[in-house]
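So the sequence lines, in the order shown, correspond to chains A and B. In terms of UniProt numbering, the first sequence opens at residue 1 and continues consecutively. In terms of UniProt numbering, the second sequence opens at residue 1 and continues consecutively. Idealized CB from N, CA, C, for every residue including glycine. Scroll down for the structure; my scribbles are underneath it.
Number of protein chains: 2
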Amino acid sequence: MRADRRCGKEEPSVEIRTVAVIGSGVLGAQIAFQSAFKGCTVIAYDINDQALAAARERFDGLVQTYRNEVPDAKDGAAQATLARLTLTSDLARAVADADLVIEAVPETVALKRETYERLNELAPSRAIFATNSSTLLPSDLKDFTGRPDRFLALHFANRVWRFNTAEVMGTEDTDPAVYRQVVEFARAIGMVPIELHKEKAGYVLNSLLVPFLNAALELAAGGYADPADVDTTWRIATGAPLGPFQIYDIIGMNTPYNIMVNGSPEDQKLAAWLKENYIDQGKLGVASGEGFYKYS
Amino acid sequence: MRADRRCGKEEPSVEIRTVAVIGSGVLGAQIAFQSAFKGCTVIAYDINDQALAAARERFDGLVQTYRNEVPDAKDGAAQATLARLTLTSDLARAVADADLVIEAVPETVALKRETYERLNELAPSRAIFATNSSTLLPSDLKDFTGRPDRFLALHFANRVWRFNTAEVMGTEDTDPAVYRQVVEFARAIGMVPIELHKEKAGYVLNSLLVPFLNAALELAAGGYADPADVDTTWRIATGAPLGPFQIYDIIGMNTPYNIMVNGSPEDQKLAAWLKENYIDQGKLGVASGEGFYKYS
């Protein structure tokens, strides 16, 4: 193992060596793998053997993906990552020696509450807790953690090795020293830390993306312009590789639909249009082979 | 002159050969130059000798710019463009033989009204009138034209040779055949036509850009995140070369300020923040050497 692969080795101030990732779904597995790839000792937790088997498959897939897509994952570095990754369905074992616990369980308050209450009993008192929640604010969860001063949000984006932002957002109770440690941890595992100075639903990325995508949808759903022309306009005007409807297709229709269907009356109209013209016709985006565009 | 430089030669259906551009300011001069570069006979009008002298300087600058930045402007093609460009302060002469009149005069209804009423008397009845207005809808102007069936908006973006969208937007009165002709004209002069099927303030581009830039400004003005972090997030997440604050700096602060200061109470707050922290300090963007970023 090269020295610069040690978790936090590049940042001497970081004392985070052992990371527990709670929930080994798509993004949880990526967070665990990326942390291990950068030298952390990582314990990935999920609820049962079936979930662990799925996580193991995800890790194997990530070895291949990193080999293909990550410049410094050659020479066996991707494969070697697995040696720093442990999978367990024993929560006590998962967090027994954790410096940092990253929670990536499904987005319901009840489940997160139960998880944090158990974590607080099982993890060492020094451990920092971080939620990867996209839809909840850390202040919605802090009271369940038993350690609000050592709790914040650390929000990753899907395909962490490529879309390597890590949005860091504390509550009013978060110890500034803990916040800094997590910022440095994010940097040490190859992320670009995006610091939020106060809580904001949607963090930075979705605060930009949602109104942008909504505006595009209004143009199409209102019959003003065709999706392809909207995308062309954006690409030419801003030099961006992707227009908003290409981004919809990558994200898939379901997430924007679920956000909009619970939104304002205008949002609900857009949701209905999206459902009728795309979702109900199986046009869900790249993953289904067709969305606003066709994919082969 | 190469055959493919003839205005409309590439599109046999286009009957637009002679173009009058009314108003030879920054964008008017670019529209005139681009049309002439692509083979049209162009008469550029402005109100007096001083304005014409400024336009002539703009054309000379564009010769240099096209040589440097436009791939097919080598071998004297940029210089040769000047031979197809006539400047005049005689409106009757400007439009006497025009197939298409593109209006690019300052954005006041009174001035545009006066201009269209004179144009309608002076231009041949076959001439199509197109407004380049950013802030007015063509239906705000159509009654002044005397020919609402032959009137629409054709909206260019600054630096037309590079940001080569041409948004085409008619009113309910616009003859569909005229609309098609203008779409094909736009294509013939090297633009990518963006077809709007009905009127929309802001066309496509500003309908996307304004909510996107506002959302970014809310993050900074609200103290949630720093402009550079917001930009980084957007660049990483979408692969775009520029984040929203880099775009602000290119546009300059004044236009967004003027839009927001007349907007909703939230917009007015953002405008006040922009004024206090940037405009009042002379930080207007790239053009002033500093905006959200410093430029050398």
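Among the bridge pairs identified by DSSP, Y295(B) is matched with none. Note on the region 147-199 of chain A: whole alpha helix (DSSP H) runs with a minimum of 4 residues are 176-188, in chain order.
Neighbourhood of N258(A) in chain B, by CB distance below 7 Å: empty, with the nearest CB roughly 19 Å away.
Distance from the Cα of Y203(B) is smallest, within the candidate group A237(A), L136(A), Q30(A) and L111(A), for A237(A).
Uninterrupted alpha helix (DSSP H) stretches at least 4 residues long and entirely within the region 186-267 of chain A occur at 205-221, 227-238, 244-251 and 254-261, given in chain order.
Beyond the five residues adjoining it in sequence on each side, K142(B) comes within less than 7 Å, by CB distance, of P148, F151, T171 and D173 in the same chain, given in chain order. Residues of chain A whose Cβ lies closer than 7 Å to the Cβ of T174(B) do not exist; the shortest such Cβ separation is about 15 Å. Residue contact check for K198(B) against chain A: a CB pair falls below 7 Å. Here G223(B) is exposed: its Cβ has fewer than 16 other Cβ atoms, across all protein chains shown, within 10 Å. Taking the C-beta atoms as reference points, L284(B) is found no nearer than 7 Å to A225(A).
Residue contact with chain B for P227(A): absent (no Cβ-Cβ distance below 7 Å to any residue of chain B). Within chain B, the C-beta atoms nearer than 7 Å to that of I236(A) come from F163, N164, T165 and V192, in chain order. Excluding its 5 nearest sequence neighbours in each direction, D140(A) has C-beta neighbours in its own chain below 7 Å: V109, listed in chain order. Against T232(B), the close residues of chain A are T165, V192 and I194, in the order they occur along the chain (beta-carbon pairs closer than 8 Å). In the DSSP assignment, I22(A) falls within the beta strand (DSSP E) that extends over T18 to I22. Every alpha helix (DSSP H) stretch that sits fully inside the region 51-128 of chain B and reaches 4 residues is listed by chain position as 77-81, 91-95 and 109-122. Proximity of L208(A) to chain B, defined by a Cβ-Cβ separation below 7 Å, is satisfied.
Among the residues facing chain A, L270(B) is not included, as its CB has no counterpart in that chain under 7 Å away. For the pair of segments examined, the region 100-107 of chain B was found to touch the region 21-38 of chain B: the number of CB pairs separated by less than 8 Å reaches three. The beta carbon of L205(A) falls within 7 Å of a beta carbon belonging to chain B, placing the residue at that interface. Under a criterion of Cβ atoms nearer than 7 Å, the residues of chain B adjacent to Y224(A) are, in order, L196, H197, K198 and K200. A Cβ of chain A is located within less than 7 Å of the beta carbon of A215(B). Flagged as an interface residue toward chain A: A240(B), by a C-beta distance shorter than 7 Å. Pairing G243(B) with E276(B), the inter-Cα distance amounts to about 22 Å.
Per the coordinates, the alpha-carbon of D280(B) lies some 50 Å from the alpha-carbon of Y295(A).
The alpha-carbon of A44(A) is positioned some 16 Å away from that of I128(A). In the DSSP assignment, the residues bridged to T131(A) are E103(A) and A153(A). The bridge partners DSSP lists for V42(B) are V19(B) and L85(B). Bridge pairing for E290(A): G285(A) and K294(A) [DSSP].
Pairing P241(A) with K38(B), the inter-Cα distance amounts to about 27 Å. If the five residues before and after M260(B) are omitted, its C-beta is found closer than 6 Å to the C-beta atoms of D267, L270 and A271, all from its own chain and listed in chain order. When C-alpha distances from D49(A) are compared across L136(A), D72(A) and L87(A), the shortest belongs to L87(A). If you draw a 10 Å sphere on the C-beta of S264(B), you find fewer than 16 other C-beta atoms in it, and that means exposed.
Under the three-pair Cβ rule at 8 Å, the region 178-194 of chain A counts as touching the region 157-168 of chain A.
In the three-state reduction of the DSSP assignment, G28(B) falls in the helix class.
Closest in alpha carbon position to P193(B), among P193(A), N214(A) and V230(A), is V230(A).
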